[in-house]
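If you're matching them up, the sequences are chains A and B in order. Numbering (the working numbering) for the first sequence: 1 to 502. Numbering (the working numbering) for the second sequence: 1 to 406. Structure first, then comments.
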Amino acid sequence: MTTYAGEYLDLLPEPPAGRVTAAFRADVARAVGPGGLITEPAQLRTYECDGLTGYRVTPALVVLPATTEEVAAVVRLCARDGVPFVARGAGTGLSGGALPVADGIVIGLARMRAVLSVDVDDQRAVVQPGVTNAGISAAVAPHDLYFAPDPSSQVVCTIGGNVAENSGGAHCLKYGFTTNHVLALTFVTADGDVVQLGGDAPDPVGPDLRAVVLGSEGTLGVVTEITVRLLRRPEAVRTLVADFADAEDAGNAVSDIVAAGIVPAAVEMLDELAIDACERAVQAGYTPGCPAALVVELDGVAAEVEDEFERVQEICRRNRTTHVRIAADPEERARVWKGRKAAFAAMGRISPDYFVQDGVIPRTRLGSTLTRIRQMSEQAGLRVANVFHAGDGNLHPLVLYDGAVPGEAERAEHLATAIVELCVEQGGSITGEHGVGSDKACSMPKMFGPDDLTVMARVRAAFDPQGICNPGKVLPTPRLCGERPGPHRPHPLEAAGVIERL
Amino acid sequence: MTVAGGTRTRVEQPGTVAEAADLLRGSSGPLLFRGAGTKRAWAGRPAEPALVVDTARLSGVLAYHPADMTVAVGAGMPLADLQALLAEEGQWLALDPGTEEAGATVGGLLATGDSGPRRLRYGALRDLVIGVTLVLPDGTVARGGGRVIKNVAGYDLPKLLYGSLGTLGLVAEVVLRLHPRPGASATATVRVPVDRAAELARRLRASPLEPAAVDWADLDGGLLAARFEGTAAGVEGRREAALALLADGAPAAWRTGDGEQAVWRRLAEPHRPDGEATLAAAGTRPGRTSEVARALAASGDDAGVRTGLASRPALGLHTARFTGPPAAVAAAVTAWRARVLALGGTVLLRERPPAVDAELDPLGPPPSSVGLLRALRRRLDPQARCAPGRLGSWLDPAPREDGPRS
């Protein structure tokens with residue numbers, strides 16, 4: 001049993017004592033100008049949660065700045081009065097990262113949605129945080145360029161949110177995450193200074209501060225401009241959907257693809273429940289009743305893609321695929337992806353309520369982990385649908401339940417937590433792309449030891465000594481999680497025999 | 001294990017992370033973390049350390065999972081040894097820095113942010129590192145990241161350490177993402193001056209040919225090479241289009257096997273120190289390559305210094321060489337740095353004769369984020385013990401009264 005070290009507690013002050021006073025309101029109103037302030041209780045309530053709707057807190061005030069200078073002015077006022085703030089994009093996050101703090105403010109970045117510049121030759125664009133992920137690719141499509149990270153919510157989610165969460169998506173197996181596609185950030189520090197992190201050069205000189213801000217879930221400051229790297233559209237894209245009689249065959253096919261030295265752009269797996277839900281929602285042409293379907297996409301130079309696409313089909317056949325559907329044209333490919341990307345929302349078609357889980361396992365543990373999830377699902381008496389990025393072991397189990405049945409929501413939440421802890425036991429992670437947020441802060445000690453968390457708290461304190469940037473997210477505190485951070489579990493590297501603990 | 005050092009410097013080679021932590025916890029005075037020692041002078045020469053922690057014995061494979069395409073190694077693992085091991089499984093760490101032959105270690109490469117030509121396709125070590133064990137000067141051992149390639153839990157300490165130059169703590173263990181070794185490779189070459197090379201690099205980037213590397217150096221009036229990797233069919237399938245794109249007045253050649261390797265050996269040379277020249281590395285937008293070259297020529301001419309340039313024009317990375325009297329070299333480097341900064345770029349001072357240091361500020365003006373850098377240093381290394389003098393004027397603006405430095 002471990003308890004939080006004294007240093008850790010010192011580094012993470014409880015939410016600051018500052019309050020939104022009448023004077024603060026007046027100063028903020030002056031800082032943002034007309035239209036930049038939301039104070040009506042009914043309107044404030046629309047900001048009470050993000051995509052994780054189980055947690056709700058109404059903020060004292062919502063500010064909608066229009067420029068970097070306005071953001072900095074608001075943050076300076078927060079720093080002056082010790083008022084906590086939560087930066088927010090489209091609010092599509094699934095881990096409660098944009099959950100407001102009571103007595104604090106929300107800095108909504110929805111009004112900052114300009115594509116400031118596109119440099120076609122140097123393949124980069126400077127955008128404001130409120131631009132949608134898909135909006136970036138749309139803006140540069142005429143130049144045969146695109147922005148690679150593609151979270152399923154890409155039509156609505158914003159690049160500012162992607163930066164906060166280090167968003168991935170189906171194609172990050174080959175192309176990496178948001179952190180691999182951001183060259184520079186304009187960053188408002190916790191005391192309201194405006195600095196540049198990264199720049200024109202591929203690397204800054206010295207420690208990579210840009211990298212630690214990426215994925216920091218709004219706990220280090222506010223990003224107000226992003227220089228993104230753009231990629232040239234590949235010459236060829238080929239997509240297939242292969243059906244399998246069970247998940248093990250599908251998993252073996254994925255292993256064989258990897259062993260053949262092929263790096264697909266994406267490999268996704270859907271189980272029978274997920275396929276059923278997706279088909280009811282969007283009729284994407286998946287085979288109803290099929291126990292497991294793989295979506296495999298290859299892209300790159302034409303000669304190579306054709307070559308490898310043949311080999312992927314051969315591998316699927318060798319692993320007893322029952323049916324292979326090859327997308328004949330871009331429209332059919334789009335339909336395949338529409339089905340996959342609609343998966344979470346589609347659960348509404350087969351269940352009144354559901355929890356979306358996000359965990360990662362080493363890819364080779366796929367088969368055994370799915371078996372364990374099935375057993376846990378049966379024991380709990382709850383259905384679990386599985387949709388996941390099979391290429392990188394990022395699971396998205398969807399725990400289905402009926403909130404109208406007393407006790408079922410609690411059992412479902414318990415099962416969802418147990419599944420993510422199973423991922424850690426397998427040497428994986430509590431989150432592959434949805435973030436820690438409010439939802440999993442108390443699970444952090446399952447993955448990291450007290451010293452690991454203390455060093456993270458030191459990093460946080462270096463950026464935000466007052467603790468006013470999105471407090472209560474990412475790092476566990478006694479107030480959130482109880483006095484003890486739970487029984488210490490070995491770090492996954494230790495459990496896997498990779499490293500020794502002191 | 002204690003190894004003989006200088007009169008004032010103790011050199012230790014801990015064999016485990018626990019030993020390294022004990023060693024640091026019980027130490028005082030300036031520290032230096034050392035891998036193969038191939039980049040000791042980068043970004044400022046550190047003060048003479050009281051303790052050198054050498055990672056030579058932290059060099060084992062901790063876990064290798066070929067099917068997961070991940071490997072965990074001690075930071076002192078030489079890259080060349082790691083590549084030999086991975087090759088047995090048809091894999092590699094997709095990194096080809098020029099210091100590999102000199103014994104550069106995985107931990108040292110992470111801490112210095114060094115990379116090679118194929119960064120164009122695979123990214124830098126920043127993009128390939130997925131986990132790290134860090135030992136702070138107070139002996140705190142922290143793990144960041146994990147063992148799986150997809151993971152967003154907690155702050156990205158592995159990437160924070162990229163380019164940190166040993167100023168925040170000891171990189172003790174590193175977990176890496178691997179790639180399959182490409183089955184085939186070929187390189188197209190053409191002799192062109194830098195302006196044409198920059199334009200051809202732009203066209204290559206705009207094309208769907210997906211070059212793995214594009215390098216240029218001022219060898220024989222200018223040599224541009226573009227490497228293509230993948231399946232045999234994929235490489236051969238690009239031959240005609242690549243040669244047509246590059247054969248721009250001058251004929252382009254298509255090289256494979258020994259001939260191809262010879263080209264890349266030649267192009268790696270100008271990025272390496274030779275014991276005489278002063279080297280500095282610049283990063284810019286790719287489209288600034290010609291301006292970087294002109295700025296270098298002007299800076300060299302003004303100071304009466306011989307200069308040379310090797311560029312990765314599709315990445316915007318450039319290595320400049322300066323040869324001449326120390327004061328003149330210092331003047332030329334300073335002038336070139338000012339011009340590159342004005343273009344929006346960065347300059348990292350690399351190897352140079354000690355005499356040049358007397359005349360040269362190793363860093364130049366600090367970036368706007370310097371306040372955050374200092375705050376981070378104060379939190380992780382409050383006594384400023386890690387390599388004091390490296391990134392010196394940025395990290396430690398004024399001598400500390402209570403500090404260990406004399």
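All residues carry an ideal CB built from backbone N, CA and C; glycine is no exception. Remember, it's a predicted structure, so these values are computed and weren't measured experimentally.
Residue i - partner residues in DSSP beta bridges
i	result
S429/A	V360/A
Q283/A	Q283/A is not bridged to any residue.
G131/B	G145/B and V175/B
D302/B	D302/B pairs with nothing; no bridge assigned.
C386/B	L31/B
T278/B	F322/B
Q196/A	T186/A
T99/B	In the DSSP output, where bridge partners are listed per residue, T99/B has none listed.
T321/A	F244/A
Where the beta strand (DSSP E) containing residue i begins and where it ends
i	result
L223/B	L223 to G230
V171/B	L170 to R177
D121/A	Premise fails: D121/A is in no beta strand (DSSP E) and is neither H nor E.
F24/A	Careful: F24/A lies outside any beta strand (DSSP E), inside the alpha helix (DSSP H) at A22 to V32.
R229/A	V222 to R229
R400/A	It should be pointed out that residue 400/A corresponds to Leu in this sequence rather than to Arg. Where L400/A is concerned, the enclosing beta strand (DSSP E) stretches over N394 to Y401.
CA-to-CA distance, residue j to residue i, given in whole angstroms
i	j	result
L502/A	D22/B	In this prediction, L502/A has a pLDDT of 28, which is less than 50 and means its spatial position is unreliable; nothing more can be read from the coordinates.
P97/B	L185/A	27 Å
V86/A	L209/A	20 Å
R88/A	S152/A	18 Å
D452/A	L231/A	35 Å
L294/A	A138/A	28 Å
L243/B	H323/A	41 Å
T158/A	P202/A	24 Å
T346/B	P204/A	7 Å
Min CB distance residue i to chain A below 7 Å
i	result
I149/B	yes
E210/B	yes
L245/B	no
S27/B	no
A331/B	no
Q13/B	no
D195/B	no
A20/B	no
S59/B	no
S368/B	yes
L219/B	no
Element boundaries [alpha helix (DSSP H), containing residue i]
i	result
D127/B	L125 to L128
V140/A	N133 to V140
V258/A	A247 to A259
S393/B	G392 to L395
E12/B	Careful: E12/B lies outside any alpha helix (DSSP H), inside the beta strand (DSSP E) at R10 to E12.
E504/A	Residue 504/A is absent from the structure shown; chain A starts at 1 and stops at 502.
T68/A	T68 to D81
I159/A	I159 to E165
T112/B	V106 to T112
Sub-7 Å separation of residue i and residue j beta-carbons
i	j	result
R233/A	D144/A	yes
V384/A	V399/A	yes
A134/A	V155/A	yes
G11/A	A462/A	Looking at the sequence itself, residue 11/A is Leu, so the reference to Gly does not match. No.
G35/B	G144/B	no
E297/A	A265/A	yes
Y55/A	S438/A	yes
P46/B	R385/B	no
L120/B	A314/B	yes
P149/A	T178/A	yes
V74/A	V62/A	no
Proximity test, Cβ basis, 7 Å: residue i and chain B
i	result
D464/A	no
G261/A	yes
G18/A	no
L209/A	yes
D122/A	yes
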